[in-house]
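Shown next, in structure tokens, is the structure this report addresses.
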Amino acid sequence: MSHKKISVVVLGSEAALKRALITVIIGGDEAVKRSVREETEIYENNNYMVIYTPDLNKLSEGIKNVFAINKEPDMSLLVVKEGFSTEEVWQQIDELHKLTGKRTEEFTVVLPLGHEHTGHYPFRCCEMSNLFSDMRRMAKERYLKPTSTSHAARPDEGMSMEVAGKSSDSRVNLVLMGMSGSGKSASGNTILGQRIFLSEPSSSPVTAECVAMDTDIGGRWVRVIDTPDIFDDDTDSSTKKQHVKKCRELSEGGSTVYLLVMHVSRFTDGERNILKKMEKAFGSKVHEQTLILFTREDDLKQGKKSQEDFMSSFTPDLKKIFAKCGNRCVWFENNAPPSGQVERLMKMVDQMVDQILTCRTKSWSGGSSCW
Ligand SMILES: Nc1nc2c(ncn2[C@@H]2O[C@H](COP(=O)(O)OP(=O)(O)OP(=O)(O)O)[C@@H](O)[C@H]2O)c(=O)[nH]1
Ligand SMILES: [Mg+2]
Numbered sequence: 001m002s003h004k005k006i007s008v009v010v011l012g013s014e015a016a017l018k019r020a021l022i023t024v025i026i027g028g029d030e031a032v033k034r035s036v037r038e039e040t041e042i043y044e045n046n047n048y049m050v051i052y053t054p055d056l057n058k059l060s061e062g063i064k065n066v067f068a069i070n071k072e073p074d075m076s077l078l079v080v081k082e083g084f085s086t087e088e089v090w091q092q093i094d095e096l097h098k099l100t101g102k103r104t105e106e107f108t109v110v111l112p113l114g115h116e117h118t119g120h121y122p123f124r125c126c127e128m129s130n131l132f133s134d135m136r137r138m139a140k141e142r143y144l145k146p147t148s149t150s151h152a153a154r155p156d157e158g159m160s161m162e163v164a165g166k167s168s169d170s171r172v173n174l175v176l177m178g179m180s181g182s183g184k185s186a187s188g189n190t191i192l193g194q195r196i197f198l199s200e201p202s203s204s205p206v207t208a209e210c211v212a213m214d215t216d217i218g219g220r221w222v223r224v225i226d227t228p229d230i231f232d233d234d235t236d237s238s239t240k241k242q243h244v245k246k247c248r249e250l251s252e253g254g255s256t257v258y259l260l261v262m263h264v265s266r267f268t269d270g271e272r273n274i275l276k277k278m279e280k281a282f283g284s285k286v287h288e289q290t291l292i293l294f295t296r297e298d299d300l301k302q303g304k305k306s307q308e309d310f311m312s313s314f315t316p317d318l319k320k321i322f323a324k325c326g327n328r329c330v331w332f333e334n335n336a337p338p339s340g341q342v343e344r345l346m347k348m349v350d351q352m353v354d355q356i357l358t359c360r361t362k363s364w365s366g367g368s369s370c371w
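Just so it is clear: in the sequence shown, position 56 is 56 by UniProt numbering, and no numbers are missing.
Structure representation (structure tokens):
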């Protein structure tokens, strides 16, 4: 059975760490035993082809060549040691970007084992455990579907990583909707447990395309779909249509729950009609599949307000939206360490999915359709 190996480029200045990572990916101890000369080396097993690269500061030409030959590696991993400086790592990524022409988001920083992920990094990063589970999933997918156009997850291209052996009917699609800056991408990253979507402070919109990333949450196949501010008044109607089309395509198959993302600091004019706009784009019953995800929960705490205080201060328009969404909401603080917020979200999502499936069954069996 032929299948395309997963190609991984390992970068960084810490030779021992790079070799240790390769050893875990490939198995055996060839990578630790091999030469101490700083040069490009290739290691392979049935599933992976891993390229060891020299230190950027010592042999940048070697790295340039690696990317010239392997134009689209599945993963470009930058290994860093405990106590790394965010600024220095960012500089390294910037240099790699300049050297190879690859975008900065295409490099993933592998956090040292046991390193606490604060979620404050300006670059894409992942924890070891997530890295290996993603790799295993990719390998499984390629092995089971050798002829498919399987592709490593590349969220910036709107690609999505599929979970092998599971029917897409069992998938839950979580579509992040809302205004620019509300925290859609940051919430997507919180749900995924890693920095995948670009999320940053900006006076202009950051996310430009609808993109998806699949993950496994407690055995469920979950697809997180990040979107730009689709309903922004400044966006022309053909671009809006394209975004809606892409979003529909990405959420084809499975059950879809829309997460209307708002931050607790302000309810703005642009949000007043957002649910109506969503209904126009995705169907008049979309509110039945929507819950509100409030971000920046810590702002409430700082203002010494409880969730109840906040809800009792809803403007009449927000009250209407909230009621139409069945009074369903969850609270996220994306800048805090994991605290059960994703579990609470998934509990609510499960209830909604049960309802969606019950309604579908009813309509198939000739009963009244819910939506
Ligand atoms: N303190 C705090 N900041 C947050 C939270 N969620 C998002 N942010 C910040 O708000 C800013 C905007 O967040 P994004 O996730 O980029 O917002 P977005 O909705 O994806 O914006 P667009 O991509 O422009 O549509 C970033 O600087 C985030 O770090 C949160 O829960 N708490
Ligand atoms: Mg965004």
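Glycine included, every Cβ here is placed at the ideal spot set by N, Cα and C.
Every value quoted in this text rests on a predicted model; they were computed, and no experiment measured them.
Tyrosine 48 has its alpha-carbon roughly 32 Å from the corresponding atom of proline 337. The DSSP-derived three-state label of phenylalanine 84 is coil.
Taking non-hydrogen atoms of ligand 2 into account, the C-beta of threonine 295 is found less than 7 Å away from none of them. Within the segment 220-299, the runs of alpha helix (DSSP H) that reach at least 4 residues and sit entirely inside it are, in chain order, 237-250, 269-272, 274-282.
Glutamate 72 is not bridged by DSSP to any residue.
These are the residues, in chain order, with a beta carbon less than 7 Å from any non-hydrogen atom of ligand 2: Lys184, Ser185, Phe197, Leu198, Ser199, Val206, Thr207, Asp226, Pro228.
C-alpha of glutamate 72 to C-alpha of arginine 103: approximately 12 Å in a straight line. Contact between isoleucine 51 and asparagine 70 holds: their C-beta atoms lie close to 7 Å from each other, under 8 Å. The DSSP-derived three-state label of phenylalanine 107 is strand. The straight-line gap separating the alpha-carbon atoms of valine 66 and glutamate 105 is approximately 18 Å. Between ligand 1 and valine 261, a heavy atom-to-CB distance of less than 7 Å is present. For the pair leucine 96 and leucine 56, the CB atoms are nearer than the 8 Å cut-off. Excluding its 5 nearest sequence neighbours in each direction, lysine 277 has C-beta neighbours in its own chain below 6 Å: Phe231, listed in chain order. Assigned with DSSP and collapsed to three states, alanine 208 falls in coil, not helix or strand. Ranking Arg136, Ala212, Lys301 by CA distance to the CA of serine 251 puts Ala212 first. Annotated three-state conformation of asparagine 189 is helix, per DSSP.
Methionine 352 sits in a helix when the DSSP states are folded into three classes.
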